[in-house]
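Chemist: Just so it is clear: in the sequence shown, position 131 is 130 by numbering that gives the first Met the number 0, and no numbers are missing.
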Amino acid sequence: MALATLAGALAWSPPTFALEADSEAEDAPSEKFVDHTVERGETLWVIADRYGASVASVIRENEIEDSSVIWVGTRLRIPVPVGTDPTFDAEEKVDAEDSEAAEIAALLGRCEAELRAAHFEQALASAGEARDRIDARNGTADDPSRVRLEIASATAYVALGQNDAALESLGRALIANPDLELDPALTSPKVLAVFRVARGRATPAR
0 MALATLAGAL
10 AWSPPTFALE
20 ADSEAEDAPS
30 EKFVDHTVER
40 GETLWVIADR
50 YGASVASVIR
60 ENEIEDSSVI
70 WVGTRLRIPV
80 PVGTDPTFDA
90 EEKVDAEDSE
100 AAEIAALLGR
110 CEAELRAAHF
120 EQALASAGEA
130 RDRIDARNGT
140 ADDPSRVRLE
150 IASATAYVAL
160 GQNDAALESL
170 GRALIANPDL
180 ELDPALTSPK
190 VLAVFRVARG
200 RATPAR
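1. Three or more C-beta pairs under 8 Å: does that hold for the stretch 141-150 against the stretch 175-183?
2. Taking just the CA atoms, how far does Ala165 sit from Thr154?
3. Based on Cα-Cα distance, which residue from Glu180, Arg136, Ala117, Ala122 lies nearest to Ala100?
4. On the three-state DSSP scale, how would you describe Ile77?
5. Just to check, is the beta-carbon of Gly170 closer than 7 Å to a non-hydrogen atom of the ligand SAM?
6. Considering only residues of the same chain and omitting the five flanking positions on each side of Arg130, which have a CB-CB separation below 7 Å?
7. Beta-carbon separation of Ala104 and Gly40 under 8 Å?
8. Can you tell me whether DSSP reads Asp65 as helix, strand or coil?
9. Find out if the Cβ-Cβ distance for the pair Glu102, Arg132 is shorter than 8 Å.
10. Identify, in the order they occur along the chain, each residue of the same chain with its Cβ nearer than 7 Å to the Cβ of Gln121, setting aside the five sequence neighbours on each side.
11. To the nearest angstrom, how far is the alpha carbon of Pro188 from that of Ile46?
12. Suppose you measure from the CA of Val57 to the CA of Arg200; what does that come to, to the nearest Å?
13. Considering only residues of the same chain and omitting the five flanking positions on each side of Glu60, which have a CB-CB separation below 7 Å?
14. Given a cut-off of 8 Å on the beta-carbon distance, is the pair Ala158 and Ala126 in contact?
15. Confirm, please, whether the CB-CB distance from Gly170 to Ala197 is below 8 Å.
16. Which residue's Cα is closest to the Cα of Leu43: Glu180, Leu123, Ile63, Thr186?
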């Protein structure tokens with residue numbers, strides 16, 4: 000199963016609304032651009048999330064044909080929505096003071112690589128290590144790394160025919176981010192089917 004499943008699964012961003020106060024506002028650009036050089040362990044989701052962009056916009060801007068492959072050293076042009084203020088330089092690495100976050104990102108990167116290679120049981124093992132690190136770091140559910148982790152786990156579970164476990168993982172992802180949506184163009188139909196069930200369970204009856 001391609002990592003495109005994961006990249007698409009994790010591609011969400013809040014909608015932006017433009018208020019046209021005057022002609023000058025109408026002409027104002029809705030986004031600016033920064034350059035980013037891909038480093039080891041990074042995924043399109045990690046890069047886009049760091050700048051407040053969506054994976055889809057990064058793919059479109061850089062004319063990426065296969066979102067499951069991203070090479071170390073590749074220079075990407077990132078469309079950053081105007082009004083956002085990334086708290087780091089475009090070339091800055093993950094905050095050196097947060098080594099735990101870097102280790103979690105590396106574990107999730109390894110998990111995604113194992114999914115690309117169809118090593119689903121190994122991917123779940125890496126996901127388990129990442130889960131332990133996330134729990135030990137803050138013990139909260141509203142961590143973006145947890146969303147990425149749970150979608151990766153669900154993808155592996157679906158591939159192994161363990162839909163009940165996948166449903167639990169996607170349920171946890173929705174707890175972490177109730178507005179989570181999966182991109183149907185990039186996500187496996189089987190994962191989408193399980194996600195719809197999880198979404199139905201997470202939505203209160205009216």
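Where is the CB? At the ideal position from N, CA and C, for every residue including glycine.
Modeler: In terms of the structure at hand:
1. yes
2. 7 Å
3. Arg136
4. strand
5. Within the structure as shown, the ligand SAM is missing, as the structure has no ligands at all.
6. Leu148
7. yes
8. coil
9. yes
10. Glu113
11. 25 Å
12. 32 Å
13. Arg76, Pro78
14. no
15. yes
16. Ile63
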